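Okay, so the sequence shown: first residue is 0 according to numbering that gives the first Met the number 0, each after it adds one. Read the structure below first, then the notes.
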Amino acid sequence: MRALVVCLLYAAGNTAFAGEYAVLSSGYRMYVDRHEADAAKVRLYHGTDFLEVNASAVRGFEPDDAPPVSKPTQAAPASEPLVVTAGIPAAVTPQKLADDAADRYGLPRALVRSVMAVESGMIPDAMSSKGAIGLMQLMPQTASDLGVDPYDPAQNVDGGARYLRELLIRYDGGLRHALAAYNAGPGAVEKYRGIPPYAETINYIARVERALKRAGF
Numbered sequence: 000m001r002a003l004v005v006c007l008l009y010a011a012g013n014t015a016f017a018g019e020y021a022v023l024s025s026g027y028r029m030y031v032d033r034h035e036a037d038a039a040k041v042r043l044y045h046g047t048d049f050l051e052v053n054a055s056a057v058r059g060f061e062p063d064d065a066p067p068v069s070k071p072t073q074a075a076p077a078s079e080p081l082v083v084t085a086g087i088p089a090a091v092t093p094q095k096l097a098d099d100a101a102d103r104y105g106l107p108r109a110l111v112r113s114v115m116a117v118e119s120g121m122i123p124d125a126m127s128s129k130g131a132i133g134l135m136q137l138m139p140q141t142a143s144d145l146g147v148d149p150y151d152p153a154q155n156v157d158g159g160a161r162y163l164r165e166l167l168i169r170y171d172g173g174l175r176h177a178l179a180a181y182n183a184g185p186g187a188v189e190k191y192r193g194i195p196p197y198a199e200t201i202n203y204i205a206r207v208e209r210a211l212k213r214a215g216f
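Following this line, the structure appears as structure tokens:
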């Protein structure tokens with residue numbers, strides 16, 4: 000499967016961004032356009048869409064030209080300590096769930112970790128404005144089709160990795176097409192016979208590719 004993924008993978012170009020980075024309790028540093036916060040919740044915006052997380056899941060914010068304070072968690076080798084995230088038993092981490100699911104479905108660990116990090120910042124109870132749920136940001140209908148409970152972190156990650164594998168097979172290993180379908184839906188990819196011209200989807204693919212590059216993939 001690694002060869003299948005590599006065949007059409009290439010790094011994103013010099014895409015221009017202007018915004019900030021949310022430094023999350025998961026150890027991930029997530030690019031966002033802007034944020035809104037109150038005492039209980041924080042909304043992290045990408046365009047008009049946003050990811051809503053508990054305020055305790057965000058350590059702070061940095062301008063987009065600030066250097067990372069530490070290496071992103073999803074890029075860490077498996078031998079390094081893993082971050083324990085609220086909402087998952089102490090013996091299990093988002094990174095371990097990602098790695099186990101990747102191994103189960105023959106995917107590169109870095110790929111599942113990178114998709115998870117970009118989707119949710121590795122925050123189990125993240126919710127999007129469109130109704131996507133959890134670590135792999137599954138839509139309710141997608142979760143139902145996959146036969147998983149999206150509110151259960153282990154099932155959520157299993158379903159997300161399985162869905163990603165199905166998309167890679169569907170698009171003959173075309174990672175960008177698979178990522179576009181994961182973000183915008185296979186219908187959009189079929190409609191445009193390729194990556195749909197949605198700014199959100201194009202930026203999403205670029206963020207995953209950058210996460211993969213940081214992970215040395």
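For each residue, glycine too, the CB sits at the ideal point set by N, CA and C. Everything numeric in this text was worked out from a predicted model, so none of it was measured.
Cβ distance (whole Å) where residue i is taken to contact residue j below 8 Å
i    : j    : result
E61  : E19  : 6 Å
V147 : Q154 : 4 Å
A109 : L23  : At roughly 19 Å, the Cβ-Cβ gap does not stay under 8 Å, so A109 and L23 are not in contact.
D48  : E165 : Actually they do not touch by this definition, with Cβ atoms about 23 Å apart.
From the options, residue whose alpha carbon lies closest to that of residue i
i    : options                   : result
V31  : V57, D151 and L178        : V57
L174 : A100, S127 and L163       : L163
G46  : V114, S128, V91 and I122  : S128
H34  : R42, M115 and A214        : R42
Y203 : G184, G26 and R192        : G184
Y197 : A179, V114, A101 and V156 : A179
R28  : K40, M115 and E199        : M115
V91  : K40, Y191, P152 and R209  : P152
N182 : I168, K40, M138 and Y44   : M138
Residue i, buried or exposed, once every other Cβ within 10 Å from all chains shown has been counted against 16
i    : result
Q140 : exposed
A54  : exposed
P107 : buried
I194 : buried
G130 : exposed
A38  : exposed
A36  : exposed
V68  : In this prediction, V68 has a pLDDT of 44, which is less than 50 and means its spatial position is unreliable; what the coordinates show is noted afterwards. Result: exposed.
G186 : exposed
G26  : buried
R192 : exposed
Cβ-Cβ distance between residue i and residue j below 7 Å
i    : j    : result
A125 : R112 : no
P149 : I132 : yes
V188 : V117 : no
G120 : A142 : no
L145 : P93  : no
A100 : V156 : yes
Y104 : A160 : yes
Chain D contact for residue i (CB, 7 Å cutoff)
i    : result
A210 : Considering every chain present, this structure includes no chain D. It has just one protein chain.
Extract the residue ranges of the beta strand (DSSP E) inside the region 86-164, only unbroken runs of 3 or more that lie entirely within it. none
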